[in-house]
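Student: Just so we're aligned, residue 64 is where the sequence shown starts under my numbering, counting upward by one.
Don't be surprised by glycine CBs; every beta carbon is placed ideally from N, CA and C.
Quick caveat, the model's predicted, so the values are computed rather than measured.
The structure under discussion is supplied below as structure tokens; questions concerning it will follow.
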Amino acid sequence: MSLKLKRFQKKKFVDVPSTSGTLGASIQGTDTEVIKNISPPQKEPSMFSGFENLQLGHPYKIWVKYNNNQPAKIIFDGEDVYDLKKAIKNNFPNDLAGIDAARIILRRHGEEKDLNPGFIVNQNFENNSSTPLQVIVNAPVLLKRKREISPENLSKIVETAIEKILSQEKYEIIQASNISETKAENIIDSLGLKNLKFPAKDFQPIDPISCEPFVWNKKIDEAHQMSSVKKWFKKALVLPKGFQIRDIHTQNHRRQLRNSNFTLTSSVDISIGPNDINCVWIETKKKKKYFKEVQIISELFLIDKISVLKSMAVLTDCKNNWVIYFFMKSQTGNQYLASSKIDDRSIALAIIKQFVLDEGKFIHDKMGKNITYQVNLPKPLKMKSKFLEILEEDNNKMADMIDNMTEKELFNMSMRKRLRIAKMSC
């Protein structure tokens, strides 16, 4: 003990210079002991002795690389690896802004070991663009179910869930020929469509088609005269090669309108279109008094569903009474159910022909075929369109099931199954 005391010089008491304010005065007024010329005591060896020569807190130049980005240099003056993660987040705002620092993993170049978040950052971290730190983002941890679902059984589970969902939806099946006007109006309203009627003069100028009216056999019903009706349309329209007019009155068609919970079914008499593709359906009646416009409105929905082309539905007695319907879209995106009543068969046939030729031009151009005919499309038909059902954006029928899947299970689903789920859950 005496040897240790000899190493220290005699303590001296000096006045401490006053700082500004009362605080300095109060310090000066106390008996403050200042030790001068005292050698620092020897440090005891510790677990941190290996870091004595490291300059903690000094700014370091650290290169990092995230994903497919080019290596980036960060000037880091923080304390530990966790602080470095936060600095990296700020350096990649577009990629990591919404990522928690706790989900970021850092690894040295070429190593597979994660750096401990509490590890002190020092000059050993300084590197170059050829050996950047690897930045990895952990996927969010999903809650584990009591048992995992094997990928082999996943498709069966998904299909069962879809069938259960769809079985809960009640669709009223309506025959187009039996639909009431009130129900038809309700369907149109539920689908967000607006009615738009065109007078016949709006389709001018157009080259009329001159032909004799079709003569119905009063003793035979319409269905047994469809072969003759088909020949009459062929003779009247004189379509170029690559177009077909067919008798399809024995075929049945169906469409579900999801927003209105109706399933429409119908058969129609005559179809016209390029190759084997329908774009115009024609419903024929012997007399105007048998006309039912809601029937061809329903049939327009049906052909629009079946055909890849824009579609038209026509109701006629093949004389001078014609009603045409088609879908139209304005430049502002509004959808319309467009219609026109025409009492001149030469004009009605000309409108149908130009509609068919224009749709044929579209499909033949896609097929790389030479187009040898001219199209003179009337102005209202230039805005014709396909009908797009407006689906509810907040339809979450599949959300609970998909949210409960692990990433591995989702990854193992085939693309076909994913598309099927997306389509059927709408």
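Based on Cα-Cα distance, which residue from ILE272, PRO156, LYS382, PHE296 lies nearest to VAL343?
Tutor: PHE296
Student: If we ignore side chains and look at the alpha-carbon of each, how far apart do LEU365 and SER273 end up?
Tutor: 30 angstroms
Student: How big is the Cα-Cα spacing for GLU248 and LYS429?
Tutor: 37 angstroms
Student: Answer with buried or exposed for VAL79, where buried requires no fewer than 16 other C-beta atoms within 10 angstroms of its C-beta.
Tutor: Only weak support exists for where VAL79 lies, its pLDDT of 44 falling under 50; the value from the coordinates is given anyway. Exposed.
Student: Can you tell which of ILE426, ILE242, LYS298 has its C-alpha closest to the C-alpha of GLU362?
Tutor: ILE242
Student: Is the beta carbon of PRO443 closer than 8 angstroms to that of ALA401?
Tutor: yes
Student: Can you name the residues that DSSP bridges to GLU346?
Tutor: LEU378
Student: To the nearest angstrom, how far is it from the Cα of THR435 to the Cα of VAL301?
Tutor: 14 angstroms
Student: Is it buried or exposed for ALA376, if we count other Cβ within 10 angstroms and need 16 for buried?
Tutor: buried
Student: Using 10 angstroms around the beta-carbon of VAL292, count the other beta-carbons present and answer buried if the total reaches 16, otherwise exposed.
Tutor: Taking all protein chains in view, the Cβ of VAL292 is crowded by 16 or more other Cβ atoms within 10 Å, so the residue is classified as buried.
Student: What number of angstroms, rounded off, separates the C-alpha of ASN185 from the C-alpha of TYR123?
Tutor: 7 angstroms
Student: Starting from TRP126 and walking both ways along the beta strand (DSSP E), at which residues does that stretch end?
Tutor: Start and end: 123-129.
Student: Would you mind giving the Cβ-Cβ distance between ARG170 and GLN197, rounded to the nearest angstrom? I have them listed as a contact below 8 angstroms.
Tutor: Right, the Cβ-Cβ distance comes to about 4 angstroms (below 8 angstroms), so this counts as a contact.
Student: Taking Cβ positions, are LYS373 and LYS449 nearer each other than 8 angstroms?
Tutor: yes
Student: Could you please give the first and the last residue of the uninterrupted beta strand (DSSP E) stretch that includes ALA135?
Tutor: 135-139
Student: Given a cut-off of 8 angstroms, decide if ILE269 and GLN437 are closer than it, judged by their beta-carbon atoms.
Tutor: no
Student: Rounded to whole angstroms, what's the CA-CA distance from ASN341 to ASN384? Just pull it up for me.
Tutor: 23 angstroms
Student: Compute the Euclidean distance between the alpha carbons of HIS427 and LYS304, then round it to the nearest angstrom.
Tutor: 11 angstroms
Student: What are the boundary residues of the beta strand (DSSP E) that GLY336 is part of?
Tutor: 333-337
Student: Would you tell me roughly how many angstroms separate the C-alpha atoms of MET461 and ASN258, rounded to the nearest one?
Tutor: At MET461 the pLDDT is 46, less than 50, meaning the model places this residue with poor confidence and gives no usable figure here.
Student: Which of the three DSSP states, helix, strand or coil, is assigned to LEU365?
Tutor: helix
Student: Which value, in whole angstroms, describes the spacing of the CA atoms of ILE237 and CYS381?
Tutor: 27 angstroms
Student: If we call anything under 8 angstroms between Cβ atoms a contact, is ASP407 one with ALA263?
Tutor: Going by C-beta atoms, ASP407 is nearer than 8 angstroms to ALA263.
Student: Could you check the C-alpha separation between ILE360 and THR223 for me, to the nearest Å?
Tutor: 35 angstroms
Student: Quick check on DSSP: helix, strand or coil for ARG318?
Tutor: DSSP, reduced to helix, strand and coil, places ARG318 within a strand of the structure shown.
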